[in-house]
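Worksheet for the structure shown next.
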Amino acid sequence: RIHIHTRGGVVSEFAAMATSGTATGPTGSMSGLAEAAPLIQQPPAASGGGRQRAPAAPLPPLLAISHPPLRWRNVEYKAALVQPINATATSSSQFSPPAGGWPLVIYFAGLGGTPDSVLSSLASDWASVAPEPFVLVVPNRPASHWWFIDDSSYWGFAQGNFASQILDHFAEWSVSLSSLPEIDRSRTAVMGYSGGAYAALELFSHPLSHFSALGVGAGHGHGQSDIGGLPAKRTHGAVEKFGAFLLRMRGHNGASHIELTHAEHDQCCRVKDVRLIASTLDQRQRELGLPFVHLRILSGEELDFQPGSKRNRSQHSYCNASFLRADFMKRLLSRGSRPHTVTQLHIEQPLPPRSPPPRRPP
2 RIHIHTRGGV
12 VSEFAAMATS
22 GTATGPTGSM
32 SGLAEAAPLI
42 QQPPAASGGG
52 RQRAPAAPLP
62 PLLAISHPPL
72 RWRNVEYKAA
82 LVQPINATAT
92 SSSQFSPPAG
102 GWPLVIYFAG
112 LGGTPDSVLS
122 SLASDWASVA
132 PEPFVLVVPN
142 RPASHWWFID
152 DSSYWGFAQG
162 NFASQILDHF
172 AEWSVSLSSL
182 PEIDRSRTAV
192 MGYSGGAYAA
202 LELFSHPLSH
212 FSALGVGAGH
222 GHGQSDIGGL
232 PAKRTHGAVE
242 KFGAFLLRMR
252 GHNGASHIEL
262 THAEHDQCCR
272 VKDVRLIAST
282 LDQRQRELGL
292 PFVHLRILSG
302 EELDFQPGSK
312 RNRSQHSYCN
322 ASFLRADFMK
332 RLLSRGSRPH
342 TVTQLHIEQP
352 LPPRSPPPRR
362 PP
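The sequence shown maps to residues 2 to 363 in the numbering used here.
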């Protein structure tokens with residue numbers, strides 16, 4: 002059943018560096034998880050000797066982006082601690098995790114995004130809506146891949162093949178991160194936008210994954226539910242790949258909060274496929290006795306930029322509308338309640354167009 006509802010920080014910036022360089026371990030097995038993925042190293046205390054050079058100007062947000070990325074096996078990534086914008090702590094104690102550990106958020110960027118671009122822009126924006134500090138981890142996309150598809154071209158999502166071994170490596174990496182003593186294992190979330198939304202869905206549904214929340218913006222799958230909009234030479238196997246993708250989604254381990262946001266007229270990622278993805282995720286949630294999947298459908302007025310404008314010709318620009326919301330971040334970082342009694346897919350319809358103001362009588 003589908004329930005239709007009409008909707009009426011400063012970033013604490015530091016280098017996330019490994020204390021001993023690149024972590025290594027056997028690939029393709031869980032035996033290497035004892036060597037945890039590097040995450041956060043408290044900035045070293047200032048030396049007592051020698052003159053200290055005063056900074057010529059305030060440090061830019063997220064200085065961590067200027068440092069080499071971290072690596073765990075074949076996964077390359079960067080990390081930072083995002084502090085709410087009203088945080089006042091300025092001493093090194095702010096880098097000490099609370100008793101239960103920090104919440105962890107893994108974010109997959111779209112094909113044009115990088116860890117640097119996310120940490121230099123989105124992270125500081127999240128600081129304005131975050132209810133508490135959290136660790137933000139942003140991986141690099143594997144070279145020549147559409148994340149877990151072996152084709153990084155424009156039509157790679159439809160014509161490429163599923164790279165299961167790479168997904169396995171990322172799943173083991175995420176388990177290693179969530180097992181760190183600095184992390185609250187009961188509050189680990191994964192999210193992604195556009196091509197990164199596909200990656201977030203795959204990682205969330207991997208058998209090893211046990212995330213507390215999932216956030217998806219402008220999502221799509223591997224392949225399509227039909228060949229509509231695909232060039233003739235790109236259609237081979239696209240429908241079958243999407244069916245296999247949905248089967249993988251069907252086996253996810255559940256979460257306290259799952260939210261998908263999609264533009265009603267997105268010309269890059271089809272809303273009909275996202276509805277099928279949401280329904281598949283929700284079916285599994287019902288089986289597990291967990292909360293319903295929340296699907297938000299946005300109208301043109303709710304996007305980040307005016308539809309048809311130079312920055313939003315395809316109505317695919319709504320990352321801020323998807324994720325930069327205090328209510329979303331509160332749910333994303335919440336422990337939630339498991340199990341839950343409400344188990345039906347919840348869809349928010351797009352807001353109706355604004356009516357012009359009534360004319361005054363002459």
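Ideal Cβ placement from N, Cα and C applies to all residues, glycine included. Only a predicted model underlies this, so the values are computations on that prediction, with no experimental measurement involved.
Note: Thr281 is not bridge-paired with any residue in the DSSP secondary-structure output. Inter-residue distance for Ser179 and Leu105 is about 7 angstroms (C-alpha atoms, whole angstroms).
Closest by C-alpha distance to Ser154, out of Trp174, Gly113, Ser125, Gly216, is Gly113. Checking the DSSP bridge columns, you'll see Pro140 partnered with Tyr78.
Residues Pro85, Pro104, Leu334 of the same chain have their beta carbon placed closer than 8 angstroms to that of Glu133, with the five preceding and five following residues left out of the count. Residue state for Trp148 is assigned as coil, using DSSP reduced to three classes. In the pairwise beta carbon analysis, the segment 297-311 is classified as not touching the segment 167-183: fewer than three pairs are separated by under 8 angstroms. Closest in alpha carbon position to Gly193, among Ser210, His221, Ala172, Pro69, is His221. Beyond the five residues adjoining it in sequence on each side, Ala131 comes within less than 7 angstroms, by CB distance, of Gly10, Val83, Pro85, Met330 in the same chain, given in chain order. Counting the other Cβ atoms within 10 Å of the Cβ of Ala239 gives 16 or more, which makes it buried. When DSSP states are grouped into helix, strand and coil, Leu333 belongs to the helix group.
DSSP places Glu303 within a helical segment (H, G or I) once states are collapsed to three. Here the segment 216-231 lies against the segment 270-282, with 3 or more beta-carbon pairs under 8 angstroms apart.
Relative to the Cα of Leu248, the nearest Cα in the group Arg285, Gly229, Glu260 belongs to Arg285. Annotation: Leu71 to Asn87 spans about 29 angstroms, alpha carbon to alpha carbon. Distance from the Cα of Trp127 is smallest, within the candidate group Trp148, Leu325, Arg332, for Leu325. Burial of Pro116 is indicated by the presence of at least 16 other C-beta atoms within 10 angstroms of its C-beta.
Three or more Cβ pairs closer than 8 angstroms define a contact, and the segment 152-167 falls short of that threshold against the segment 184-192. Going by DSSP, Ser187 is part of the beta strand (DSSP E) stretching over 184-194. For Gly102, no alpha helix (DSSP H) segment is defined, and its DSSP state is neither H nor E.
Boundaries of the beta strand (DSSP E) around Val217: 214-218. Put simply, the backbone Cα of Phe212 is about 9 angstroms away from that of Leu204. Between the alpha carbons of Pro143 and Ala200 lies a gap of roughly 11 angstroms.
Taking the CA atoms as reference points, Gln166 sits about 11 angstroms from Asn75.
Counting along the chain, Ile167 sits inside the alpha helix (DSSP H) bounded by residues 165-179. Here Ser315 is exposed. Its C-beta has fewer than 16 other C-beta atoms within 10 Å. Of all alpha-carbon atoms in Asp151, Phe135, His258, Leu291, the one lying nearest the alpha-carbon of Ala81 is that of Phe135.
In the DSSP assignment, Ile298 forms a beta bridge with His263. In the DSSP assignment, Arg72 falls outside any alpha helix (DSSP H) and lies within the beta strand (DSSP E) extending over 71-73. A buried status is given to Arg332, since no fewer than 16 other beta-carbon atoms sit within 10 Å of its beta-carbon. Cβ contact annotation for Ser210 (same chain, cutoff 7 angstroms, sequence separation greater than five): Ala172, Ser175, Leu204, Asn254, in chain order.
Distance from the CA of Pro208 to the CA of Ser310, rounded to the nearest whole angstrom, comes to 42 angstroms.
When His146, Pro99, His237, Gly196 are compared, the shortest CA-CA separation from Ser318 is found for Gly196. Nearest C-alpha to Leu168 among Gly102, Phe246, Arg287, Val294: Phe246.
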